[in-house]
Structures are given as C-alpha cells and as structure tokens.
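Enquirer:
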Amino acid sequence: MRVTWRTAVGPSLWIATVIAVSQTAGPYLSGLGASVAILALLGLGMILVTGYAGQFSLAVGAFYGIGAYGSALLTINFGWPGLLAVAASAAIAATVSQVLGRPLFRLRGHFLAMGTLALTEVFYLLVTNLKITNGASGLGGIAPLNLFGIDLIRTDQFFLQNWLIVGVVLWGCLRLRAGREGRALKAIRGNEVAAAAAGINIASSKTRIFTASAIISSIGGSLYAHQVMYVNPEPFGIATAIDVLVIAVLGGMRSPWGAIVGAIALEALNKGIEVLLPGVLGAGAVGAGQALILGILLVVILIVRPDGIGGAIGAVANYFRRQQRVNEPEPAASRTSEKEQPVGMAALRLVHDENRTGIAPGQGQLVLEAIGLTKRFGGVTAVDDVSLQIFSGEVLAIIGPNGAGKSTLVNLLSGNLPPTEGSVFIGGEATTGKPAYLVANHGLSRTFQTAALFAEMDVASTVKVGAHLRGSVGMLRSALPTVGALREERRLDAEVWAVLERLDLGHLADREANTLSLGQQKQIEIARALVGRPSILLLDEPCAGLNKAEKKNLMLLLRQLGAEGLAVLVIEHDMEFVMSSADRVQVLNFGATLRVGTPADIQSDPSVIDAYLGVAHEECVPAVVLGPEKGSQ
Amino acid sequence: METVMQLFLTALPAGAIYGALGVAYVIVHRMTGMVNFAVGDIAVVGAFGAVVASAVLPPIGAILVGAISAGVVSVLMYFLAIHPLRKQGLMVQTIVTLGVGIAVRSALQLVFGTGPYQFAPITAGPAIEIAGGVIYRQSIWVVVITVAAYIGLAYFFNRTLTGKALSACAVNRYAAGIVGINLVVMATIAFALSGAVAGVVLAAQVPSSFITIGAGFALGLKGFIAAILGGFHNIGLTLVGGFLIAIVETLAAVSVFTEHAPTIVFSLLIVLLILRPQGLTRKLVAERV
Numbered sequence: 001m002r003v004t005w006r007t008a009v010g011p012s013l014w015i016a017t018v019i020a021v022s023q024t025a026g027p028y029l030s031g032l033g034a035s036v037a038i039l040a041l042l043g044l045g046m047i048l049v050t051g052y053a054g055q056f057s058l059a060v061g062a063f064y065g066i067g068a069y070g071s072a073l074l075t076i077n078f079g080w081p082g083l084l085a086v087a088a089s090a091a092i093a094a095t096v097s098q099v100l101g102r103p104l105f106r107l108r109g110h111f112l113a114m115g116t117l118a119l120t121e122v123f124y125l126l127v128t129n130l131k132i133t134n135g136a137s138g139l140g141g142i143a144p145l146n147l148f149g150i151d152l153i154r155t156d157q158f159f160l161q162n163w164l165i166v167g168v169v170l171w172g173c174l175r176l177r178a179g180r181e182g183r184a185l186k187a188i189r190g191n192e193v194a195a196a197a198a199g200i201n202i203a204s205s206k207t208r209i210f211t212a213s214a215i216i217s218s219i220g221g222s223l224y225a226h227q228v229m230y231v232n233p234e235p236f237g238i239a240t241a242i243d244v245l246v247i248a249v250l251g252g253m254r255s256p257w258g259a260i261v262g263a264i265a266l267e268a269l270n271k272g273i274e275v276l277l278p279g280v281l282g283a284g285a286v287g288a289g290q291a292l293i294l295g296i297l298l299v300v301i302l303i304v305r306p307d308g309i310g311g312a313i314g315a316v317a318n319y320f321r322r323q324q325r326v327n328e329p330e331p332a333a334s335r336t337s338e339k340e341q342p343v344g345m346a347a348l349r350l351v352h353d354e355n356r357t358g359i360a361p362g363q364g365q366l367v368l369e370a371i372g373l374t375k376r377f378g379g380v381t382a383v384d385d386v387s388l389q390i391f392s393g394e395v396l397a398i399i400g401p402n403g404a405g406k407s408t409l410v411n412l413l414s415g416n417l418p419p420t421e422g423s424v425f426i427g428g429e430a431t432t433g434k435p436a437y438l439v440a441n442h443g444l445s446r447t448f449q450t451a452a453l454f455a456e457m458d459v460a461s462t463v464k465v466g467a468h469l470r471g472s473v474g475m476l477r478s479a480l481p482t483v484g485a486l487r488e489e490r491r492l493d494a495e496v497w498a499v500l501e502r503l504d505l506g507h508l509a510d511r512e513a514n515t516l517s518l519g520q521q522k523q524i525e526i527a528r529a530l531v532g533r534p535s536i537l538l539l540d541e542p543c544a545g546l547n548k549a550e551k552k553n554l555m556l557l558l559r560q561l562g563a564e565g566l567a568v569l570v571i572e573h574d575m576e577f578v579m580s581s582a583d584r585v586q587v588l589n590f591g592a593t594l595r596v597g598t599p600a601d602i603q604s605d606p607s608v609i610d611a612y613l614g615v616a617h618e619e620c621v622p623a624v625v626l627g628p629e630k631g632s633q
Numbered sequence: 001m002e003t004v005m006q007l008f009l010t011a012l013p014a015g016a017i018y019g020a021l022g023v024a025y026v027i028v029h030r031m032t033g034m035v036n037f038a039v040g041d042i043a044v045v046g047a048f049g050a051v052v053a054s055a056v057l058p059p060i061g062a063i064l065v066g067a068i069s070a071g072v073v074s075v076l077m078y079f080l081a082i083h084p085l086r087k088q089g090l091m092v093q094t095i096v097t098l099g100v101g102i103a104v105r106s107a108l109q110l111v112f113g114t115g116p117y118q119f120a121p122i123t124a125g126p127a128i129e130i131a132g133g134v135i136y137r138q139s140i141w142v143v144v145i146t147v148a149a150y151i152g153l154a155y156f157f158n159r160t161l162t163g164k165a166l167s168a169c170a171v172n173r174y175a176a177g178i179v180g181i182n183l184v185v186m187a188t189i190a191f192a193l194s195g196a197v198a199g200v201v202l203a204a205q206v207p208s209s210f211i212t213i214g215a216g217f218a219l220g221l222k223g224f225i226a227a228i229l230g231g232f233h234n235i236g237l238t239l240v241g242g243f244l245i246a247i248v249e250t251l252a253a254v255s256v257f258t259e260h261a262p263t264i265v266f267s268l269l270i271v272l273l274i275l276r277p278q279g280l281t282r283k284l285v286a287e288r289v
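In order, the protein sequence lines correspond to chains A and B. Everything in the first sequence is counted per UniProt numbering, starting at 1 for the first residue and increasing by one. Everything in the second sequence is counted per UniProt numbering, starting at 1 for the first residue and increasing by one.
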C-alpha cells in the first residue's frame, strides 16, 4: 500500500455519506439503519473468523451478549461511565475467546462450530436463569453513551456513531487482508501444512483472529445496550448467531464488504417478508416463515453462489477488468527457451563448478544433524535408525526405492511428524519433536512431494507467505498500518520479487498459483521456501513435472545455492539430476541407510545397484527394453 | 437405594435417545467427515411422522413410519443440499446442514405449530416398578428399540459387505472409490441409517411424554456430546455416552441447581471439547483422520 491522496478518498467518501444520510433520513429510517450497522459489525466479526481464517464459529451470540450485559451491569450496578463499561466488556470477551480458542483450535473445524454453538446457548441460559441479570425480564435503565459531554440519545446520532465504527472496522479488515497477518490467515485457510512450514503459528493466528472477532462483537453488543437502554436474553441466542451467519453467507465471506452488503440485504428481506407473508399464510406465520426463508436462503446461496452477493459483484468487476486487458500486449514469456543449452547436465555442472566462488563443498559447517531417527506407524517401521549430516555449502541427495522412507525422513526433519526415537539438531540446537512452525524458525524451509500451495492465492502472495518470518508486523499493526508496517511490506515485496526473478517466475506473479502446471507449482514452492532465507532447504522430489530445460535450470540453481552457503537436501528419482546436482548422496532402503558417498561412489556401489539403480549408471540407456506385456499373447 | 434405582430408570430412556442421536452423528461423520447439524431436527421429523401415522396405524407401525420419514428427509437433505456441495470444503457442507435444520424446523412449525403432540403407547398399562424405582412401559420400548438398533448397526458394519464398504469409505474415501465402492450410494445409505436411527428412537419416546417442534435443538446438542464421548467413531461408546449425559442431567435436575440443569449439560460439551476431545476412546478422531 502506497500512501497517496487516493488513500484518503475511500474513508472520506464513507464519512461524507454517513453524515449525509444521518442528517436526511427520518428518525425511523436512521433507527433502522443504526440497528443494521450493529448487524454489519457482527457480520464483520464473523467474516474475520469464518471467511479469513476458514473457521466456522457461532460464538457471536455469546460475545454480542457479553458486550450488552457487560455494559448494562457495569453502568447500572457500579455506576461506571459508559465508555469504560464498553472497554471492560470487550476485555472480558477477549479473555473468554482466548481461554476457549486455544484448546478448540487444536481440533478440526466443526468441533469449533459445535463448541461455539454450545457457548452461545450456555450464555443464553445463564442470563435467562441468573438473578443478577434479572432473568427473562432483563435489565432496563441503561445510561446512554456520553461522548465529550454529549449524551447520545437520538437515532441520527446512533446512525452516525454506528456506521462510523463500522467504517473503522471495515477499513481495518481490508487493511488486515492486505497485510502480513491477513496473508498468514489466508494461507492457513488454503493449506495448514504448508502454512506451518512457512513458520506460521496456526493455533496462535486462529486464536488471535477469534479474539479480534470477539472484541468487535462485544462492542456491537455494548452499542446495542446503550442505544436500546434495555437488555433481555432474547437477542443473544442462537437465532442471532444464525442471522449473522446468513448475513456473512449472503454478502460473501471472502471480503469484509460482504458483511455490509449482507446486513442491508437481510434487513430488506426481513422487512419484505413482514409485509408480504401475513397475506399468504396469516399473521401468526411471520416468525416461522422468516426462519424458513432464512434456512432455505442459506442452502440455496451456498449451492448457487458460495461467495455470496459480494462474490458475484466481484466476478462482474473481474470480467470487465479482463475485457480491458485483452487489448494489452501479452506479458513476456519465460526466459527458459532462450537459455536452453544443448549440453548434458553433467557438463553443465562442471562448467558451473569451475567458476564457483564462495565456499567449497566439504568446508562448510554442520547445519543439520539427525541421530538415530526412527519412525514407526503401528507395526511398520518407515524410518529405521537413520543418521545424517548436512553441511553448509553442499547439496545432499537422498535416493532410494519407493517406500524407502525418504519423505517420512524429510517430515521428521521439518517437524511435520514427531520421531518415535532419535533426535534432530539444527545449528547445534535440538529441534526434536518441535512442531513445524518452530522448526521453520530455526532456518529450515521445505517443499512438498505433491505441491502444497494455497487455494485462491496468486503467485506473488503465495511466495510472500514464505517470507512470514522475515517480517514481524502483528495483527493490530496489520489492521492499522503504521509507517513501520508499510515499510516492512515494501521490503518483503522487494525480497519476493528478487526470488521470483531469480527463478524466472516474474511473469506469473499475478496468476492464481493452483491453476498453473505442476512444474510451475513445484518451482513456486521452491521460491516460497527460498524467500524465507533459510540456512537449510529440504526439497521433496522437486523435478516432478519439470521438463528437461527446467531440470537443468533447477540443477544449476541448487549448485548456486550451495555455493552461496546454503545447505540443501534433495529427494529425487531422476538419477541424471541427482548425480549432477549432489555433492553427496545418501541411499535409503527399507527405512535404513544403505550407503553414503559421492555420486561416483554410489554409482559404482554393488549394493546400491542391487537395491535401486538396477544397472550401472553409465549403461542406463533411456530406451528401456520391455518384455511382452502380460496377457498380450 | 430406591433413589439410585429411580435415577437409573429415569436416565436410561433419556440416555437411549441422546445415544441414538449421537449414533446418527457418528454414522454420517464416519462416512463423510462432516458434522450434520440437522440431526436433532431430523429426529423431530421422525417423531412427527409417527404422530401423523398414529391416526391410522397402531403405535408400532406409526413408529416405523417415523423411522422411514426421518430416513427419507435425511437422504433428501443429502441429495438437495450436501451432494451439490461435494466439491466445497467440509466447512461449507457443515454450514449447509445448519440451514437445512432451520428450514426443516420452521416448515414443521408452519404445519404443526409449537404445541405438544402425543400418541398411544405400544403396550398400555401403568408404570412398572423395578427394585423401588418406576419406569413407563413405553420407556422400556425406547430402550429395547435402541438396543435393537445398536445390534442391527453392529451387525451391519462388521458382518455385511455393504457395512464394510461403508467403513472403508470412513478410512479412505479416495481408495474406496478406486476399488469400485460407489460413494454416492454409500453416502445415501449412511444418511438414511443416520436419519432412521434418530427418528425411530425419538418417535418411540413420544407416547411416554410428548414432542414439540423446538425439541430438536437441545436434543441435537446432547446427541453431539454423546458422539464426542464415543470418540465420533465408536457406536457402543456413543450409547454409553448418551446414558452418562442423562445421568448428569438427572442428577443436576434433582440437586440444588434445578434451573441450571441444561446449562450444566451444555457446559459439559465445551469442557469435554477442551479437556477430553477423544471422549471415552483412547485416540483423537481428529488425529486419526
């Protein structure tokens, strides 16, 4: 985000519109608008958790109620000033969300949904049955909010106040989405394993957005209490939580604008039903009829348009943008075609290594050491007492037949799986059994055997997720971008761009990563791993889906990375690639180490030839002689 | 001794209902990995199906109609709401079941209103006294039908080819598809069984007290606790879980916290999720996948 005069246009327009409407609309309309604003606020809270982080929560009823009852009890019983009560209630909501969020977010999504549904119901039952909340009759006589000596009591004041708060929260949500934390949440939604590998603390990120949502809902509740001046249990039950869910689904979960669109649309719909339904089914049917339409609406929208009205508007806008782009010249194609050299990989490596500067292989320091790693899945021993060392400045290849435990070994090193026995040290510090995001903090980056990219994310952002640990801006600074946060984003952008250029992916920067070819996806993963500036890089079958020229480039890249002092571990089946890119090769068979040595040693080792290579590498001709197929006689 | 026996006899039929609803969650979860929020309301469909059929059929026939109607609604929900969303994530599928639950509940309300409904018991006669406690004859039927459903399901999952195919889908849907198991057929069976089990037990309960439209929500939550206790996998432990919830609920109701009994039960759901998400089983289903 660049700060220019344009940055101020949106907020100024918002403020001007809100002031204009509050002054022109009559008391009825502005009162209605003020209550729609509270629903929009709750919708924003839901979109943060369910839309941004992909976690389905129905706790909004409880947090909304904590705000309302907190404001009511603190002002009536203790005579606290309104603003202080609003802040204290929000603090209570934040605490509850922290206590509840941490353990619940360890579980799969729908357990959170049920847990939060129960929370809302428990809150509803408590305020209905407790004496302090005066049961079902509720509490009256709540003082209005007092701002700079003015009591806010008129509906136009409510309208102004509520929609300005909605504007601030909306702006924060939009900024958050563009910032470091929003990117991390989107990555979590897209692929949790890959997000953790980039160093994102998933449980913490989810809990923090849950807390942000709790605070927003609680403020909504406080506004309700101070404006209606009376609270009873009814508005804080499951029905409200479901209303808010419908708002978010109707408006669209992908953008915070969905909450505003959804809240207005739902209110219009409800008013329409109130007018039309009594004529059709009688006055007594309004409640059930509204609920029926709400339920059917939820189902139909999810099936027809899962991204809601907001998504539909976005699709139309994108269509016109694409129409414009047709006239622009095609972006420059990849450089690979020009760079293609008609030489074998081995020759290419020799040329590269002769010109090598930096540290020579074999002189680096020990970066990663694994001692006696063992992993058992039930009765199967996938990795059996494997030890390995990787030094800075070298490329270590792990080869072995399918099922030899190569990928499991990488998962043990990166923290994606805890070892049954054995230990791992990175830079001399023990990382055994630490979760993946902490191992990433020790300077380890990795790619996955099947490309693990994030759904609905473009290439530049995908790679930028890899730079998560290169930044430090938290949730609040992402939402209210400070000078430091903006500067950091710009620095990360530059780092991402440098890596994209190096891997020749610049022309794909704004394409959606998941729609690209397998080879490109694997290279994007490598870019994402590199942008974190790791000290050790683990590549799990990076050649899958790459063509010959791309493999050559990758081989050169690995040699260069080694020369720059990085420790690289690569799993690969392409023997030409392995033998020309590696400084050392470790052979696994049946989960155990068969042999470690230079590529030349390995190629001539009889046991390796027996177990894996089959024939000596020099004799390995591309044309494999096939026997007659079974059943073809 | 008498109060203990009475507690047991009160909790037994209630626990059977919670357990049966829990089993309804488990069957669908094992097959699809999703949580069906509409389970409580589908059970209520079964109860009202029985209420309507009781006008022309004897109670046992009415209860059977209840089972069938709940099964049919459950399968309809699968084809109309969940199957079209099979390419979306689990979250979207879970949200849609919530929408179906609301739609079903309010549609029933438009037809039947909010009042209580009842029909005649299978065997008429006064409550039976056992070791100092009393139990309605119909409540015994509720327990018997639940146990019969359990034996039937256990036989189905462990002994029949279709049942094993369903279990295979639970372990690995992709692999199950590759070996020629039709996933749509399996899901249909799972949703039909799930609806029928919930519907038959709740329908059987109607003569011993009554049924209202709004009952589904609380029943659904209690059934969910039973399912957690069963580790979202084990049908027998889910029934045990249902009974434990009924014990807690009955104890809370006779203690000083009478008006807080439901609060205590629902808090149990949150406490369980935080402290012991694997329930009575040893391993967390979320890790088992």
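For every residue, glycine included, the Cβ atom is placed at its ideal position computed from N, Cα and C. What you are looking at is a predicted structure, and each value in this text was computed from that prediction instead of being measured.
How would you list, in chain order, the residues of chain A whose beta-carbon sits under 7 Å from the beta-carbon of residue 88 of chain B?
Expert: 306
Enquirer: Label residue 260 of chain A either buried or exposed according to how many other C-beta atoms from any shown protein chain fall within 10 Å of its C-beta, with 16 as the threshold for buried.
Expert: buried
Enquirer: Could you work out which residues of chain B lie near residue 249 of chain A, taking near to mean beta carbons separated by less than 8 Å?
Expert: Neighbours of residue 249 of chain A on chain B, chain order: 95.
Enquirer: At 8 Å on the CB atoms, spell out the chain B contacts of residue 122 of chain A, in chain order.
Expert: 263, 266, 267 and 270
Enquirer: For the pair the segment 23 to 32 of chain B and the segment 266 to 273 of chain B, tell me if three or more CB-CB distances fall below 8 Å.
Expert: no
Enquirer: Going by other Cβ atoms of all chains shown within 10 Å of its Cβ, with 16 needed for buried, is residue 551 of chain A buried or exposed?
Expert: Result: buried.
Enquirer: Consult DSSP for residue 230 of chain A and reduce its assignment to one of helix, strand or coil.
Expert: If DSSP states are grouped into helix, strand and coil, residue 230 of chain A belongs with the strands.
Enquirer: What is the rounded straight-line gap between the Cα of residue 39 of chain B and the Cα of residue 255 of chain B?
Expert: 30 Å
Enquirer: Report back the beta-carbon spacing between residue 180 of chain A and residue 471 of chain A to the nearest angstrom; my notes put them in contact at under 8 Å.
Expert: For a cut-off of 8 Å, the C-beta gap from residue 180 of chain A to residue 471 of chain A is around 5 Å, short enough to register as a contact.
Enquirer: Going straight from the alpha carbon of residue 390 of chain A to that of residue 492 of chain A, what length do you get?
Expert: Spanning the two alpha carbons is a distance of roughly 28 Å.
Enquirer: When the Cβ atoms of the segment 83 to 102 of chain A are set against those of the segment 33 to 43 of chain A, are three or more pairs found closer than 8 Å?
Expert: no
Enquirer: Can you give me the Cβ contacts of residue 229 of chain B inside the same chain, cut-off strictly under 6 Å, excluding the 5 residues immediately before and after it?
Expert: 241, 279 and 280
Enquirer: What would DSSP say about residue 181 of chain B, mapped onto helix, strand or coil?
Expert: coil
Enquirer: Helix, strand or coil for residue 146 of chain A, going by three-state DSSP, please let me know.
Expert: strand
Enquirer: Is the Cβ of residue 94 of chain A closer than 7 Å to any Cβ of chain B?
Expert: no
Enquirer: Between the C-alpha atoms of residue 460 of chain A and residue 507 of chain A, what's the straight-line distance to the nearest angstrom?
Expert: 10 Å
Enquirer: Looking at chain B, is there any beta carbon in it that lies within less than 7 Å of the beta carbon of residue 303 of chain A?
Expert: yes
Enquirer: With a CB to CB cut of under 7 Å and the five nearest residues on each side skipped, what residues in its chain are close to residue 155 of chain A?
Expert: 27, 30, 31 and 34
Enquirer: Please give the ranges of any alpha helix (DSSP H) in the segment 466 to 516 of chain A, keeping only runs that are unbroken, at least 4 residues long and fully inside the region.
Expert: 475 to 479 and 483 to 502
Enquirer: Give the DSSP-derived three-state secondary structure of residue 129 of chain A in the structure shown.
Expert: helix
Enquirer: Could you give the residue range of the alpha helix (DSSP H) that holds residue 353 of chain A?
Expert: Where residue 353 of chain A is concerned, the enclosing alpha helix (DSSP H) stretches over 345 to 354.
Enquirer: Measuring CA to CA, which of A/582, A/5 and A/46 is closest to residue 248 of chain A?
Expert: A/46
Enquirer: For residue 250 of chain A and residue 262 of chain A, what's the separation of their Cα atoms in angstroms?
Expert: 5 Å
Enquirer: DSSP on residue 213 of chain B, reduced to helix/strand/coil?
Expert: coil
Enquirer: Does the Cβ of residue 564 of chain A have 16 or more other Cβ atoms within 10 Å, making it buried, or fewer, making it exposed?
Expert: exposed
Enquirer: Pull the bridge partners of residue 105 of chain B from the DSSP assignment, please.
Expert: Per DSSP, none; premise fails for residue 105 of chain B.
Enquirer: Taking Cβ-Cβ distances shorter than 9 Å, what residues in chain B pair up with residue 435 of chain A?
Expert: What residue 435 of chain A touches in chain B, judged by beta-carbon distance under 9 Å, is nothing: the nearest beta carbon there is about 14 Å away.
Enquirer: Given a cut-off of 7 Å, decide if residue 223 of chain B and residue 18 of chain B are closer than it, judged by their beta-carbon atoms.
Expert: A contact, by the Cβ cut-off of 7 Å.
Enquirer: Residue 229 of chain A CB to nearest chain B CB: under 7 Å?
Expert: no
Enquirer: In chain order, what residues of the same chain have a beta carbon less than 7 Å from the beta carbon of residue 441 of chain A, not counting five sequence neighbours either side?
Expert: 199 and 469
Enquirer: Excluding the 5 residues preceding and the 5 following residue 511 of chain A in the sequence, name in chain order all residues of the same chain whose CB lies nearer than 8 Å to its CB.
Expert: A distance below 8 Å between beta-carbons, with the five flanking residues on each side excluded, links residue 511 of chain A to the following residues of its chain, in chain order: 458 and 459.
Enquirer: Name, going along the chain, the residues of the segment 158 to 182 of chain B whose beta-carbon falls closer than 9 Å to a beta-carbon of chain A.
Expert: Against chain A - using a Cβ distance shorter than 9 Å - the segment 158 to 182 of chain B contributes no residues.
Enquirer: Buried or exposed: where does residue 163 of chain A fall if 16 or more other Cβ atoms within 10 Å of its Cβ makes it buried?
Expert: By the beta-carbon neighbour count (other beta carbons within 10 angstroms, threshold 16), residue 163 of chain A is buried.
Enquirer: If you reduce the DSSP assignment to three classes, tell me which class residue 633 of chain A lands in.
Expert: Only weak support exists for where residue 633 of chain A lies, its pLDDT of 34 falling under 50; the value from the coordinates is given anyway. It is coil, neither helix nor strand.
Enquirer: Span of the beta strand (DSSP E) holding residue 275 of chain B?
Expert: Secondary structure note for residue 275 of chain B: it is in no beta strand (DSSP E), and the uninterrupted alpha helix (DSSP H) holding it is 261 to 275.
Enquirer: Compare the beta carbon distance of residue 479 of chain A and residue 172 of chain A with 7 Å and say whether it is the shorter of the two.
Expert: yes
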